[in-house]
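Engineer: One structure follows; several queries about it will come next.
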DNA sequence: ACCTGAACACCGTTCAAGT
DNA sequence: ACCTGAACACCGTTCAAGT
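Chains as they are written, first to last, in the UniProt record's numbering: chain A, 1 to 210; chain R, 1 to 210.
Set out below in structure tokens:
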């Protein structure tokens with residue numbers, strides 16, 4: 001039996017994901033990663049082509065666990081769409097470094113086609129017109145990415161208070177009014193995940209899902 | 001009259017925006033930018049605090065022109081929301097480097113509060129419940145960002161054909177069906193901007209906008 | 001065959017000095 | 001007062017050599 005290689009691509013991918021989670025993409029360096037794995041910097045290049053490929057390996061690691069989390073045949077189409085969308089959001093919220101590193105490619109790996117297909121299945125089962133479903137799938141995914149990485153959501157009352165005091169009421173009346181209504185109706189705690197859930201329901205209504 | 005400074009913050013911001021558009025954030029360097037402006041690298045630091053501030057200046061430049069593009073009082077609330085959302089999308093599509101560089105901060109500048117306020121105004125005018133409007137505003141903005149920077153949209157028939165041939169029909173039936181319906185119904189040309197317009201209408205339906 | 005140190009061509013930013 | 005070159009502490013990746 002040959003001596004196993006000291007490190008595998010999987011080891012590298014796991015270390016990269018941990019570094020992305022801990023310090024973010026900007027601070028992720030081949031040198032530091034190699035040091036952490038106890039190998040020379042150049043050894044990494046035997047397992048990944050370059051830094052891009054390193055991040056792709058980390059992405060695949062995250063989405064590899066996704067099919068198992070998918071709802072089984074027993075649920076309604078609407079429940080399936082909600083489950084898939086929020087699972088994607090949760091994965092992205094857990095690993096914000098992925099979006100920082102990859103942008104669009106984070107959801108363009110072969111691994112994520114199963115997700116897209118599950119959304120299509122759920123929407124069709126919920127009675128959504130096929131063309132409307134096809135247009136609506138990117139809406140759900142783009143919103144999940146935008147919400148995870150970029151939301152302008154106000155999540156706590158202090159931020160809202162600060163905003164209220166900073167904005168002249170005569171000019172920003174509508175904004176202050178809707179923010180007040182959100183605080184009164186939904187929170188605290190009012191998280192971006194909660195907002196996502198509420199909005200997915202509205203999106204499904206708009207798409208005509210039963 | 002004192003000799004005017006050779007370069008202003010505005011010059012630096014314009015040059016930074018051009019560089020972001022041309023070569024992207026990764027290739028944007030203080031050294032190159034300074035050379036292009038015909039000054040020493042360190043001179044830039046008299047106009048911007050650091051590279052982050054440089055990008056913020058470029059962002060403000062882009063959104064500075066936005067209030068002028070806002071619809072006036074004559075339109076319906078629904079039309080206002082559509083106009084504001086698509087204008088934001090167009091700005092982001094024109095300058096993809098902004099999202100690459102900033103992520104969430106791209107829409108968190110004081111300049112963009114006017115946008116948020118206009119969306120609130122439009123939604124309220126369209127009869128949307130205030131709390132629903134407050135939750136729905138980040139949906140519109142997050143979707144615009146996700147769509148501009150990260151969409152998984154299939155925009156041309158070749159990509160669709162490639163996908164169809166790559167995916168086994170028995171496993172990816174729903175995905176292939178909805179994609180076919182989109183091609184048949186909307187395109188070509190079916191762009192991400194077109195998809196955005198369609199989906200904003202559906203979002204407004206879901207939010208209960210008249 | 002497998003691994004990797006040294007080197008190349010870059011970065012952003014600090015500091016101290018030049019005019 | 002205003003500007004900036006040199007230097008510091010980093011990068012990702014190529015190349016050639018080491019074991």
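Ideal placement from N, C-alpha and C gives every residue a C-beta, glycine not left out.
Every value quoted in this text rests on a predicted model; they were computed, and no experiment measured them.
1) Which residues in chain R have a C-beta closer than 9 Å to the C-beta of residue 59 (chain A)? List them in chain order.
2) Counting Cβ pairs, one atom from each stretch, are 3 or more of them under 8 Å apart for the region 139 to 150 of chain R and the region 74 to 94 of chain A?
3) Any Cβ of chain R within less than 8 Å of the Cβ of residue 165 (chain A)?
4) Out of A:28, A:106, A:86, which one is the CA nearest neighbour of residue 199 (chain A)?
5) Quick one: is residue 172 (chain R) near chain A, going by C-beta distance under 8 Å?
6) Between the alpha carbons of residue 23 (chain R) and residue 170 (chain R), how many angstroms are there, rounded?
7) Using a Cβ-Cβ cutoff of less than 8 Å, which residues in the same chain neighbour residue 138 (chain R) once the five nearest sequence positions on both sides are dropped?
8) Residue 81 (chain R) and residue 135 (chain A): beta carbons closer than 8 Å?
9) When you compare only the Cα positions, how much space is there between residue 39 (chain R) and residue 44 (chain A)?
10) What's the gap between the Cα of residue 18 (chain R) and the Cα of residue 76 (chain R)?
11) Classify residue 41 (chain R): buried if its beta carbon has 16 or more other beta carbons within 10 angstroms, exposed otherwise.
12) In chain order, which alpha helix (DSSP H) runs of at least 4 residues are fully inside the region 134 to 189 of chain R?
13) Taking CB distances under 8 Å as the criterion, tell me whether residue 133 (chain R) reaches chain A.
14) Go ahead and pull the three-state DSSP assignment for residue 8 (chain A).
15) Could you tell me the alpha carbon to alpha carbon distance between residue 228 (chain R) and residue 194 (chain R), rounded to whole angstroms?
16) Given this structure, state the Cα-to-Cα distance separating residue 56 (chain R) from residue 174 (chain R), to the nearest angstrom.
17) Is the shortest distance between the beta-carbon of residue 130 (chain A) and the beta-carbons of chain R less than 8 Å?
18) Taking Cβ positions only, does residue 27 (chain R) come closer than 8 Å to chain A?
19) Should residue 189 (chain A) go down as buried or exposed, given a rule of 16 or more other Cβ atoms within 10 Å for buried?
Structural biologist: So, to answer that:
1) Those do not exist, as residue 59 (chain A) stays about 13 Å from chain R at its closest Cβ, beyond 9 Å.
2) As far as the Cβ criterion goes, the region 139 to 150 of chain R does not touch the region 74 to 94 of chain A, which means the pair count is below three.
3) Using a Cβ-Cβ cut-off of 8 Å, residue 165 (chain A) does not count as an interface residue toward chain R, since no Cβ of chain R sits closer than that to its own.
4) If we check each option's Cα against that of residue 199 (chain A), A:86 comes out closest.
5) Yes, contact with chain A.
6) Using only the alpha carbons, I get a separation of about 42 Å.
7) Taken in chain order, the list of residues that qualify is empty.
8) When the beta-carbon positions are compared, residue 81 (chain R) and residue 135 (chain A) stay at least 8 Å from each other.
9) The alpha-carbon atoms of residue 39 (chain R) and residue 44 (chain A) are separated by roughly 39 Å.
10) Taking C-alpha positions only, residue 18 (chain R) is separated from residue 76 (chain R) by approximately 36 Å.
11) Classification of residue 41 (chain R): exposed, given that the 10 Å Cβ count is below 16.
12) With a minimum length of 4 residues, the unbroken runs of alpha helix (DSSP H) contained wholly in the region 134 to 189 of chain R fall at 157 to 166, 173 to 186.
13) Yes, residue 133 (chain R) counts as interfacial toward chain A.
14) Three-state result, residue 8 (chain A): coil.
15) There is no way to answer for residue 228 (chain R), as the model of chain R reaches only from 1 to 210.
16) Approximately 43 Å between the Cα atoms of the pair.
17) Yes, its Cβ sits closer than 8 Å to a Cβ of chain R.
18) With 8 Å as the cut-off, residue 27 (chain R) does not count as an interface residue toward chain A.
19) Exposed.
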